[in-house]
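Asks: According to UniProt numbering, the sequence shown is numbered sequentially starting from 1. Below is a structure I'd like to ask you about.
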Amino acid sequence: MKLEKQLLGQLENRKINGGYRSLKQNVNNLIDFSSNDYLGLSKVEEIHHDHNEFIDNGATGSRLLSGNKAYHEAVENFLSEYFKSESALLFNSGYMANLGVLSSVPQKGDTILLDELSHICIKEGVRLSRANYFNFKHNDLQDLEKKLKKIEEGNIFVVVESVYSMDGDQAPLKEIVELSVQYNANIIVDEAHSTGLYGQSGYGLCCDLELQDQIFARIYTFGKAVGVHGAAVAGSNILKDYLINYSRQFIYTTALPHQSVQVIKNALNYREKHPELWGDLQSKITLFNSLLKNAINKLDSEHPVQGIILGGAAEASNFSKYLNDKGFDVRPILSPTVPKGKERVRICLHAFNSEEEITNLCHHINQYFQ
């Protein structure tokens, strides 16, 4: 078929450029340095067990049809307390939650300013809105203010991630809040890679910095450090009611089933009872950073996400294969996920990685670049 021939040509072109992707299982029992399961909660059996009676295998419909259950509302009440917000609304994933907020809340005549390194779900959500939108340079407060000064009408939205998934660095949230107050802007923060980590109970960076009351909307994802699935938007009661009425990603999606909803609560309760997990992981991040040679082109990060820049797709793929051959599950990150020339390997550290495993990994990284 003509179409399939065209698609095959595009796939072959991606192979030539070194950016071809394929699905892989960890069949060789490689040591996990690639998953987002930072605290290892996805494998804690205690979180899975639920002593409640069987309720259902599926919610049977969207929340506005037959799918709104008592367990959804109970966990949303729990989440609003956990994340110190007036309300919380469950979504099926962080991707859908970002699309749901950004495609429905900003209106024609409004302006969205988003960090240039924002996740693709933020960029696609912004494009689905009818608002004007502009990137500002990554974590650059001067560039953000320069663009804020130019906006003369409509609502203003500043969209950032609390921790960036490819670089592992934090947004300067306190300074962004100060600017937003000065220019009457509304802040939306994706907390995907800080949920479960920061704060005594893992309630994310906004709450850890006590900024939650100055943020218009916070998106929490449970598929990273929390180790389960799903997401929630935390904000005001008005925001929740608005999303229920106008977010297509919420309105037209079958609701999460009971098991998925219950393990969110179980996992967050487990994290709250085990603050030592984050402390242990922080010590392993320090160990990793101390063992790598200074000459290695590593991004500066105090987060489990550690990036080593190779500068090309082939180089990143070769380095990843070298580490795979040494027994470590490390994946290359290629364009267009990151800009051309910024291709890298993304190393994720975990609470369950032993000091010996981290030491061996660093030894082989140092050898490769020697």
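We put the beta carbon where it would ideally sit given N, CA and C, even for glycine. This structure is a prediction, so every number in the text was calculated from the model and none was measured.
What is the C-beta distance between G61 and A313, in whole angstroms, given that I count them as a contact (C-beta under 8 Å)?
Replies: Contact between G61 and A313 is absent: CB atoms are separated by about 44 Å, not below the 8 Å threshold.
Asks: Whole angstroms is fine: what's the gap from L128's alpha carbon to Q249's?
Replies: 12 Å
Asks: What distance in whole Å lies between the Cβ atoms of V159 and S118, which are believed to be in contact at a cut-off of 8 Å?
Replies: 6 Å
Asks: Throw me the rounded Cβ distance for the V101 and I112 pair, which I believe falls under 8 Å.
Replies: With 8 Å as the limit, V101 and I112 do not qualify as a contact, their Cβ atoms being about 11 Å apart.
Asks: Go ahead and pull the three-state DSSP assignment for A171.
Replies: coil
Asks: Look up Q306 in the DSSP assignment and say whether it is helix, strand or coil.
Replies: strand
Asks: For the region 175-263, list the beta strand (DSSP E) runs that are entirely contained and at least 3 residues long, ordered along the chain.
Replies: Listed in chain order, they are 185-190, 217-221, 231-235.
Asks: Check each candidate in Y20, K15, H48 and name the one with the smallest Cα separation from H258.
Replies: H48
Asks: Decide if V181 is buried, meaning its Cβ has at least 16 other Cβ atoms within 10 Å, or exposed.
Replies: exposed
Asks: For a minimum of 3 consecutive residues, which ranges assigned as the beta strand (DSSP E) are wholly contained in the region 119-176?
Replies: 132-136, 156-161
Asks: What residues in its chain sit with their C-beta under 6 Å from that of L65, if we drop five residues either side in the sequence?
Replies: none
Asks: Starting from V75 and walking both ways along the alpha helix (DSSP H), at which residues does that stretch end?
Replies: 70-82
Asks: How many angstroms separate the CA atom of D208 from the CA atom of Q306?
Replies: 22 Å
Asks: For E178 and L148, what's the separation of their Cα atoms in angstroms?
Replies: 12 Å
Asks: Going along the chain, which residues of its own chain have a beta-carbon closer than 6 Å to the beta-carbon of G223, five neighbours each way excluded?
Replies: H229
Asks: What is the rounded straight-line gap between the Cα of N57 and the Cα of N366?
Replies: 49 Å
Asks: Does the beta-carbon distance from L89 to V233 come in below 8 Å?
Replies: The Cβ atoms of L89 and V233 sit closer than 8 Å to each other.
Asks: Is the Cβ-Cβ distance between D213 and E161 less than 8 Å?
Replies: no
Asks: Given K174, which residues of its chain have a CB within under 8 Å of its CB, disregarding the five upstream and five downstream residues?
Replies: L209, L211
Asks: Quick check on the DSSP output: what are the complete beta strand (DSSP E) runs of length 3 or more inside the region 312-358, in order along the chain?
Replies: Scanning the region 312-358 for uninterrupted beta strand (DSSP E) segments of 3 residues or longer gives 331-333, 344-348, listed from N- to C-terminal end.
Asks: Assign V266 to buried or exposed, taking buried as 16 or more other Cβ atoms, counted over all protein chains shown, within 10 Å of its Cβ.
Replies: Checking the displayed sequence, the identity of residue 266 turns out to be Asn instead of Val. N266 comes out buried.
Asks: Determine the closest residue to D32 out of V105, H350, Y82, with distance taken between C-alpha atoms.
Replies: H350
Asks: Who are S290's beta bridge partners in DSSP?
Replies: BP columns for S290 are empty, so no partner.
Asks: With DSSP collapsed to three states, give me the class of F369.
Replies: helix
Asks: According to DSSP, simplified to helix, strand and coil, what is S103?
Replies: helix
Asks: Between which residues of its own chain and W278 is the CB-CB distance below 6 Å, once the five residues before and five after are set aside?
Replies: L197
Asks: So, is T195 buried or exposed, given that buried needs 16 or more other C-beta atoms within 10 angstroms?
Replies: buried
Asks: Less than 8 Å between the beta carbons of D190 and I122, yes or no?
Replies: yes
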